[in-house]
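Protein chains in written order, with the working numbering: chain V, -19 to 197; chain X, -19 to 197; chain W, -19 to 197; chain B, -19 to 197.
4 protein chains.
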Amino acid sequence: MTYAHSLDDPELRRLYEDAGFCGRVGWGRAPAVLVIDMANAWTDRGEQLGSDAEATLTAVVDVLGAAREQGLPIVFTTMAYDAALMSAGPVVTAKTPHSRLMLQGSDRIRLRPELGRRDDEPLVEKPRASAFFGTNVLSMLVGQGVDTVIVVGVSTSGCVRSTCESGFNHNLRVIVPREAVSDRSPSAHAAALMDIDARFGDVTRLEDVLAHLRTMR
Amino acid sequence: MTYAHSLDDPELRRLYEDAGFCGRVGWGRAPAVLVIDMANAWTDRGEQLGSDAEATLTAVVDVLGAAREQGLPIVFTTMAYDAALMSAGPVVTAKTPHSRLMLQGSDRIRLRPELGRRDDEPLVEKPRASAFFGTNVLSMLVGQGVDTVIVVGVSTSGCVRSTCESGFNHNLRVIVPREAVSDRSPSAHAAALMDIDARFGDVTRLEDVLAHLRTMR
Amino acid sequence: MTYAHSLDDPELRRLYEDAGFCGRVGWGRAPAVLVIDMANAWTDRGEQLGSDAEATLTAVVDVLGAAREQGLPIVFTTMAYDAALMSAGPVVTAKTPHSRLMLQGSDRIRLRPELGRRDDEPLVEKPRASAFFGTNVLSMLVGQGVDTVIVVGVSTSGCVRSTCESGFNHNLRVIVPREAVSDRSPSAHAAALMDIDARFGDVTRLEDVLAHLRTMR
Amino acid sequence: MTYAHSLDDPELRRLYEDAGFCGRVGWGRAPAVLVIDMANAWTDRGEQLGSDAEATLTAVVDVLGAAREQGLPIVFTTMAYDAALMSAGPVVTAKTPHSRLMLQGSDRIRLRPELGRRDDEPLVEKPRASAFFGTNVLSMLVGQGVDTVIVVGVSTSGCVRSTCESGFNHNLRVIVPREAVSDRSPSAHAAALMDIDARFGDVTRLEDVLAHLRTMR
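Shown next, in the form of structure tokens:
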């Protein structure tokens, strides 16, 4: 199926290019990987927010393998609220009732073990979609001298898109390997990839990302 | 024409509700109005980013009239960079080349006179899509005791959407009167309204917003 | 002993008042309590950062009692870094080597049990001095409709002062009950109280804070 | 005169070093200069906030000369509020009544001409003490690949200190050439230099900063 708002519609893309969008940011010298919400709440199909993310998981593991070989900084995120939901707050719980389930310490927010998170790869419990909002992620990246973030995980139209926007806002080069992000809604996935590529970062093929990482230094 | 990713698709909406999105945030006690980028660069069809925003302008003026009668805080935004584009930065100018045109003091970034901005309604020169990023808008709103933001202006899929997300992130109730926002791309407009209503704020009819404002106090 | 830079020096105070500092912010309608770093690393005299904070602890417990009677929001902080110290970062560990000891899950960063933290009183692991930096505290307070923060804990010249500045920056009224904050350095304590009262919030007597809380509603 | 809380008190310094403060951050690869509030409101002795800053001005001009020779990014700040003081807000105007005078477009907030600001050196109108609060300065610095900020200007205990703290918070190396900062209050100046050197950045001699800049590349 094709979608009216999609990266793969050449006419739409031309419209955006004419309006001064869709430039290329390219790679900087010092990339890091942000792995967004690869936890049970999103990857278990029995969960309210869950979808089939197995192919995404495989692609993420590939990116992690290449990044670890290069010794790149890697940061994982999940979402987690305190028992009283104060870190969510009344507006967040009203608009997105699934927030009520994302409790600190619960199995639901635990990362998928296939990711093999290491001790020197921080896990950040973020309170909103963007990995940068209400967290210390930006300072971590500045401290590591990072100028490029490879964003992978779920969901394309939610936490991935918001994280890309935040990275762009801070003048970090954002790279999204297309096969390493996914969404429960195919139409939202298509629209978000278009938006990300037009406004925030370069949506590219997984193999191009892996090839670039392998040729670093 | 209908769009695959649209607020008006009842099946899509049901999918989102089932996943714990699309709750209602409703009105708080103390609303403010954020008028996003109603300046020549966006509303003049001869401009690179321009589109026909005359109907939007009329709706925005209606909202301003009702808000001024109630003495609500009103903040206007436009985008503006220094001559060296340092406040844009290399990533922003690479991804969105139209940024190079948004220079401080230029006619392009001047608000439309029909808005009738008053001296006690601040004009904020924001550097990114969200009215909250790299500006003092949040502190202004906290200082005024605001708990609700009515977001109007252009473009739905860009600065309006990002401003809604930031408001939501800070636990402000976000209200978007549908007729008072627009976008150069109809498919992007449809997808963004769906996203805003699902995740960040309540997309409602202009007449309902006006009616609510008129009954305050 | 008296200090050259102290709140209790009437001449210094006059100099500041003449320069347009030292106004009163007063109480708003909706206070919350921020309890800063009342954990073993700061209150155990055997610790590198520790000092005798028993009198401070008693005063903090008094404030908590009055606040709980009124059902006010209460947020506790401590400092905690990931094992690789990425959330500290190279600059932070270089300038303040004690940061290396503040590891997530360690006994050192555990709150003092006398505080009796309840499940609906969030504990925030902050990465820097201010309770607001790199955390979601501001959004929590906005979500609760808070307009006033009572700041208590340690150390006056470090995390307390920085938290007061952040609250002020966001247009929250900051109240510091003098007996409920302390510092390992008496000269730093004196200078910080002067600074806070001149620039960020009202330094007041504990009994006045307790009296105000008891008369609410 | 000596002050009880001063950088030049070796015993106080030892106490701080023992508590894990006062490490050296040193120089990174890519410095920028932040020139804080060298405008009439602070440097004209007839102004409410003014003090004699002529020696400071000379030192700042020296730093600018060396930085311009190396082509380093330079950002200037001043403070400026909208006519309705919404960007100040009720708490800020209550605590620091001098804020009411800092109006956009007034002569009072204009930079000293001796600084010779160039078109490619942005001037940021900041709303609070820190150059980073409510502004886009951090994103500018990330976009320029900056890892070190040389902070100069006035006042040591106010805007300089706060800017140093923000830089440190974001893992930027902060360098303060001692002769290039000053304060209307000598006791506040002494206490702030001690605090900055203990917690946020390296307070060093002007000649050492100039020598370092001249040997770059």
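Even glycine gets a Cβ: it sits at the ideal position worked out from N, Cα and C.
Continuous beta strand (DSSP E) stretch holding residue i: start and end
i: glutamate 159 of chain W; result: Per DSSP, glutamate 159 of chain W belongs to no beta strand (DSSP E) and is neither H nor E.
i: proline 11 of chain W; result: 11 to 16
i: threonine 128 of chain X; result: 128 to 134
Closer than 8 Å to chain X by CB, residue i
i: glycine 20 of chain W; result: Rather than glycine, the amino acid found at residue 20 of chain W in this sequence is asparagine. It does not: the Cβ of asparagine 20 of chain W has no partner Cβ on chain X nearer than 8 Å.
i: leucine -5 of chain V; result: yes
i: leucine 120 of chain B; result: According to the sequence as given, residue 120 of chain B is methionine; it is not leucine. Chain X, which has a Cβ nearer than 8 Å to the Cβ of methionine 120 of chain B, makes this yes.
i: arginine 179 of chain V; result: yes
i: glycine 125 of chain W; result: yes
i: proline 93 of chain V; result: no
i: methionine 82 of chain B; result: no
i: methionine -19 of chain W; result: Model confidence at methionine -19 of chain W stands at a pLDDT of 44, short of 50, so the residue's coordinates are unreliable and nothing is read from them.
i: alanine 63 of chain B; result: yes
Chain B contact for residue i (CB, 8 Å cutoff)
i: leucine 173 of chain W; result: no
i: valine 72 of chain W; result: yes
i: methionine 196 of chain V; result: no
i: leucine 52 of chain V; result: no
i: proline 77 of chain W; result: yes
i: proline 107 of chain X; result: yes
i: leucine 152 of chain V; result: yes
i: serine 162 of chain X; result: no
Opening and closing residue of the alpha helix (DSSP H) in which residue i lies
i: glutamate 187 of chain W; result: 186 to 194
i: glycine 123 of chain X; result: 117 to 123
i: leucine 173 of chain V; result: 166 to 175
i: phenylalanine 112 of chain B; result: Phenylalanine 112 of chain B -> no alpha helix (DSSP H), and no H or E assigned at all.
i: cysteine 139 of chain V; result: Taken as a continuous stretch (DSSP letters only), cysteine 139 of chain V belongs to no alpha helix (DSSP H), as it is neither H nor E.
Test: residue i CB closer than 8 Å to a CB of chain V
i: aspartate 17 of chain W; result: no
i: leucine 14 of chain B; result: no
i: threonine 57 of chain X; result: no
i: asparagine 116 of chain X; result: no
i: valine 5 of chain X; result: yes
i: glycine 26 of chain X; result: no
i: histidine 169 of chain B; result: no
i: leucine 103 of chain B; result: no
i: histidine 192 of chain B; result: no
Beta-bridge partners of residue i, as assigned by DSSP
i: aspartate 182 of chain W; result: W:Ile155
i: glutamate 105 of chain V; result: V:Thr58
i: leucine -13 of chain B; result: Partner(s): none; leucine -13 of chain B has no beta bridge.
i: leucine 91 of chain W; result: W:Ala19
Residue i: CB within 7 Å of a non-hydrogen atom of the ligand MN
i: arginine 92 of chain V; result: This structure lacks the ligand MN, and indeed carries no ligand of any kind.
Contact with chain W by residue i, beta-carbon distance below 8 Å
i: aspartate 87 of chain V; result: no
i: glycine 0 of chain B; result: yes
Taking contact to mean 3 or more Cβ pairs, one atom from each stretch, closer than 8 Å, check whether the region 81 to 100 of chain V and the region 92 to 103 of chain W are in contact. The answer is no - the region 92 to 103 of chain W does not touch the region 81 to 100 of chain V, with fewer than three Cβ pairs under 8 Å.
Is the number of C-beta pairs between the region -17 to 3 of chain B and the region 184 to 194 of chain B that are closer than 8 Å three or more? By the criterion of at least three beta-carbon pairs nearer than 8 Å, the region -17 to 3 of chain B is not in contact with the region 184 to 194 of chain B.
Does the region 63 to 74 of chain B come close enough to the region 112 to 124 of chain X that 3 or more CB-CB pairs lie under 8 Å? By the Cβ test, the region 112 to 124 of chain X is in contact with the region 63 to 74 of chain B, since at least three Cβ pairs between them sit closer than 8 Å.
Report yes or no: do the region -2 to 15 of chain V and the region 150 to 157 of chain V share at least 3 C-beta pairs separated by less than 8 Å? Judged by Cβ distances under 8 Å, the region -2 to 15 of chain V makes contact with the region 150 to 157 of chain V, as three or more pairs qualify.
Validate contact between the region 121 to 135 of chain X and the region 73 to 87 of chain X using beta carbons, cut 8 Å, 3 pairs: Cβ pair count under 8 Å is below three, so no.
Within the region -1 to 87 of chain W, note down every full beta strand (DSSP E) run reaching 3 residues or more, in order along the chain. Qualifying beta strand (DSSP E) stretches, in chain order: 11 to 16, 54 to 59.
Are the region 81 to 88 of chain W and the region 32 to 52 of chain W in contact at 8 Å, needing three or more beta carbon pairs? Pairwise C-beta distances place the region 81 to 88 of chain W out of contact with the region 32 to 52 of chain W, as fewer than three of them are shorter than 8 Å.
Would you check if the region 11 to 30 of chain V and the region 8 to 15 of chain X touch, i.e. whether three or more CB-CB distances between them fall below 8 Å? Taking 8 Å as the limit for Cβ pairs, the verdict is that the region 11 to 30 of chain V does not touch the region 8 to 15 of chain X.
Meets three-Cβ-pair contact criterion under 8 Å: the region 25 to 38 of chain V and the region 141 to 150 of chain V: In this structure the region 25 to 38 of chain V does not lie against the region 141 to 150 of chain V, because fewer than three pairs of beta carbons, one per stretch, are closer than 8 Å.
I want to know whether the region 169 to 183 of chain X touches the region 49 to 61 of chain X - three or more CB-CB distances under 8 Å. Not touching, per the Cβ criterion.
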